[in-house]
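Right, one structure below, let's go through it.
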Amino acid sequence: MRRASVDDPASNDDLDAGRTRLSEHLATTDVAVTHYRLGPGDGFPGGLHAHADQEEVFVVLAGESTFDVYATDDESADSDAAADGWTVTVRAGEAIRFARDEFRSGRNDADRDLVAIAVGAPPDSEDVRVPLSCPACGRVGVRPTVSEDGVQLGCPDCGAARTPRACPACGREEMQVGLGEASRPVAVCPDCDTEVADPLSRG
Ligand SMILES: [Zn+2]
Ligand SMILES: [Zn+2]
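Per the working numbering, the sequence shown runs over residues 609 to 811.
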């Protein structure tokens with residue numbers, strides 16, 4: 609048996625404030641458990657993304673969490689918003705589950721702290737996807753890989769790999785995917801908020 613506390617300073621050894629990997633301190637083998645305390649305006653890590661190899665549950669303990677969600681199959685989409693993105697607010701005492709391949713991005717849009725527990729299984733996700741279309745075959749959901757040459761987005765179906773375009777306004781190379789004005793995924797610059805609708809097209 610092991611126990612850990614989110615209040616124990618020894619367990620808050622992450623670089624990013626507000627995140628405690630309880631599963632590391634508990635030495636779990638089959639599940640990842642992370643405690644978050646996010647101030648107003650802060651977000652869970654990553655832009656709009658899915659895990660092809662992990663399901664995740666978020667339990668909100670205090671405050672509220674706003675999730676942008678994007679699904680490519682109609683079954684999990686809101687009936688009004690099939691195949692487009694939409695926004696869900698999860699309040700204290702509620703939980704939300706994201707199956708494999710469901711794209712989401714969460715943040716604290718409220719004016720007080722958000723406290724939440726994230727549970728993921730299996731614990732290590734190696735296969736992250738972002739909801740951009742492969743320019744070669746049209747598949748939605750490409751896989752970011754990072755190498756010496758920077759970020760590349762590869763297609764799990766046809767293998768085509770492209771380097772996404774940098775921010776046209778400020779030149780930042782690492783864009784994040786988010787829901788654009790039309791509730792469709794776009795690349796968003798974390799520095800200057802410029803949106804790029806087709807970051808994988810050439811020219
Ligand atoms: Zn492809
Ligand atoms: Zn920019």
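The C-beta atom is built at its ideal place from N, Cα and C for all residues, glycine as well. Since we're looking at a predicted model, the values are computed, not measured.
Sort out for me which residues DSSP pairs valine 785 with in a bridge. Residue 785 sits at position 177 when you count from the first residue of the sequence shown. DSSP lists Ala795 as partners of valine 785.
Taking 7 angstroms as the threshold (C-beta atoms), are cysteine 778 and aspartate 765 in contact? Against the sequence shown, residue 765 aligns to sequence position 157. Against the sequence shown, residue 778 aligns to sequence position 170. At the C-beta level, aspartate 765 and cysteine 778 stay beyond 7 angstroms of one another.
If we ignore side chains and look at the alpha-carbon of each, how far apart do glutamate 789 and valine 641 end up? Numbered from its first residue, the sequence shown carries residue 789 at position 181. Numbered from its first residue, the sequence shown carries residue 641 at position 33. In a straight line, the C-alpha of glutamate 789 is about 33 angstroms away from that of valine 641.
Report the option in Ala679, Thr674, Glu734, Gly626 whose CA atom is closest to the CA atom of arginine 699. By one-based count along the sequence shown, residue 699 stands at place 91. Arginine 699 has its Cα closest to that of Thr674, out of Ala679, Thr674, Glu734, Gly626.
Please go through the same chain and pick out, in chain order, the residues whose beta-carbon is closer than 7 angstroms to the beta-carbon of methionine 783, but skip the five residues on each side of it. Numbered from its first residue, the sequence shown carries residue 783 at position 175. Contacts found: Pro772, Cys775, Ala795, Val796, Cys797, Val804, Pro807.
Please report the Cβ distance between valine 727 and valine 639, rounded to the nearest whole angstrom; I am assuming they are in contact, meaning their Cβ atoms lie under 8 angstroms. In the sequence shown, counting from the first residue as 1, residue 727 sits at position 119. In the sequence shown, counting from the first residue as 1, residue 639 sits at position 31. Between the beta-carbon of valine 727 and that of valine 639 there is about 6 angstroms, and that keeps the pair under the 8 angstroms contact cut.
Would you decide whether serine 755 is buried or exposed? Buried here means 16 or more other CB atoms lie within 10 Å of its CB. Residue numbering aside, residue 755 sits at position 147 when the sequence shown is read from its first letter. Its Cβ having fewer than 16 others within 10 Å, serine 755 is exposed.
Which of the three DSSP states, helix, strand or coil, is assigned to leucine 669? Within the sequence shown, residue 669 is the residue found at index 61, counting from 1. Here leucine 669 sits in strand by DSSP.
Is serine 631 helix, strand or coil by DSSP? Taking the first residue of the sequence shown as position 1, residue 631 is located at position 23. Looking at serine 631 - three-state DSSP - the assignment turns out to be helix.
Nearest neighbour of histidine 659, chosen from Asn716, Phe706, Arg610, Val736 [CA to CA]: Translated into the one-based positions of the sequence shown, residue 659 becomes position 51. Distance from the Cα of histidine 659 is smallest, within the candidate group Asn716, Phe706, Arg610, Val736, for Val736.
6 angstroms CB neighbourhood of threonine 697 in its chain, flanking five on each side removed: Taking the sequence shown and counting its residues from 1, the one referred to as residue 697 is at position 89. The residues are Glu672, Thr674.
Around ligand 1, what residues have a beta-carbon under 5 angstroms from a heavy atom of it, in chain order? Chain-ordered list of matching residues: Cys742, Ala744, Cys745, Arg747, Cys763, Asp765, Cys766, Ala768.
How should valine 759 be labelled, buried or exposed, when 16 other C-beta atoms within 10 angstroms of its C-beta is the threshold for buried? Within the sequence shown, numbered from 1, the residue matching residue 759 stands at position 151. It is exposed - the Cβ of valine 759 has fewer than 16 other Cβ atoms within 10 Å.
Those runs of the beta strand (DSSP E) which lie wholly inside the region 688-731 and span at least 3 residues: If we require 3 residues or more, the beta strand (DSSP E) runs fully inside the region 688-731 come out as 693-699, 703-706, 711-715, 722-729.
Output the boundary residues of the beta strand (DSSP E) element that contains threonine 680. Locating residue 680 in the sequence shown gives position 72, where the first residue counts as 1. For threonine 680, there is no enclosing beta strand (DSSP E), as DSSP marks it with neither H nor E.
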